[in-house]
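Heads up, the sequence shown is in our numbering, so the first residue is 22 and it goes up one at a time. Beta carbons: idealized from backbone N, C-alpha and C, even for Gly. A short write-up of the structure that comes next.
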Amino acid sequence: MLNTPHINPKDEIGFAKTVLMPGDPLRAKMIAETFLENAVLVNNVRGIQGYTGYYKGHKVSVMASGMGIPSIGIYSFELFSFYGVENIIRIGSAGGIGEGIKLRDVVAGIGANTNSNFGKQYGVTGTIAPTCSFELLCAAVESAKETGVPLKVGNLYSSDTFYDADEDNLKKWAKAGSLAVEMEAAGLYLTAIHLKKRALAICTISDLPFTGEGCSAEERQNTFTDMMKIALETAVRMD
């Protein structure tokens, strides 16, 4: 089986057409062990764990992306380009900044604002506004209805800076319509658009930067199951 610089499949089972992509390798492990049947560790290069198994009889993979746009840009490019992956659903945590957003809300990013320079490589005159796959988004909305989980849809803000020197920056992005801040969606969306694949980011609100409320690292790793169920049901719909 083909190896790439950052992915070295250990098993002929390879990757499914749809890959769920949390940032944290331990969250990928937890999802595989909790939700997938016959899950096999297919990648562990640099500790970025990737598993393939079955959910309701459908082949599904889950693999970590690491933190930030450069990291998810590498892994999504290799999965899309060399391993037959058609859909990547980012399932991660985000800070809630939009009006009415509460702790543990589930948010799907129809678009991703960003302060990253990742889009400059495409050489367009102007600003690229990367959006998700409409097909994946529709499948996620239907899956959320089926599972009874409220899903809020709107723009995300993908930031390159976790600790921003401009203390008012998040307030500006919230005023511009962003529901939540995270660090990967824009890079994933741009890569999918470039390669003519499908991508969607579904995030659970893990903290509220304006109030200081938040979940522990252990809660982020081991809970947030509503988001995972939506993503898994979406994978079934796309199979």
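- Only exposed fits Cys159, as fewer than 16 other CB atoms lie within 10 angstroms of its CB.
- By the neighbour-count criterion, in which 16 or more other beta carbons inside 10 Å mark a residue as buried, Leu100 falls on the buried side.
- Closest in alpha carbon position to Tyr210, among Ala201, Ala220 and Met204, is Ala220.
- Here the region 173-186 makes contact with the region 135-147; the two share three or more CB pairs at distances below 8 Å.
- Annotation for Phe56: Tyr76, Met249 and Leu253 place their beta carbon closer than 7 Å to its own, counting only its chain and skipping 5 residues before and after.
- Beta-bridge partners assigned by DSSP to Lys80: Tyr75.
- Collapsing the DSSP output to three states places Glu120 in coil.
- Sequence-distant partners of Val174 (beyond 5 residues in either direction) whose C-beta falls short of 6 Å from its own C-beta, in its chain, are Ala129 and Ile131.
- Annotated three-state conformation of Ile251 is helix, per DSSP.
- Tyr210: member of the alpha helix (DSSP H) spanning Ala206 to Leu216, first to last residue.
- Taking C-alpha positions only, Ser114 is separated from Met84 by approximately 15 Å.
- Segment contact: the region 28-41 against the region 188-203, fewer than three CB-CB distances shorter than 8 Å; contact not assigned.
- Secondary structure remark: continuous alpha helix (DSSP H) runs of at least 4 residues inside the region 152-182, in chain order: 155-168.
- In this structure the region 109-126 touches the region 224-239; the number of beta carbon pairs closer than 8 Å is three or more.
- Straight-line measurement puts the Cα of Gly68 at about 33 Å from the Cα of Asp187.
- Counted as a single uninterrupted DSSP element, the alpha helix (DSSP H) harbouring Met51 occupies residues Pro46 to Phe56.
- DSSP places Glu107 outside any beta strand (DSSP E), giving it a letter other than H or E.
- Between Ala150 and Ile251, the C-beta spacing is not below 8 Å.
- Pro26 is classed as exposed because its beta carbon has fewer than 16 other beta carbons within 10 Å across all chains shown.
- Around the C-beta of Lys192, fewer than 16 other C-beta atoms lie within 10 Å, and the residue is accordingly described as exposed.
- Under DSSP, Val127 forms a beta bridge with Leu172 and Thr225.
- Bounds of the beta strand (DSSP E) holding Ala201 are Ser199 to Glu203.
- The beta-carbon separation of Gly74 and Val61, rounded to 7 Å, stays under the 8 Å limit for a contact.
- Beta-bridge analysis with DSSP links Thr39 to Asn108.
- Collapsing the DSSP output to three states places Leu62 in a strand.
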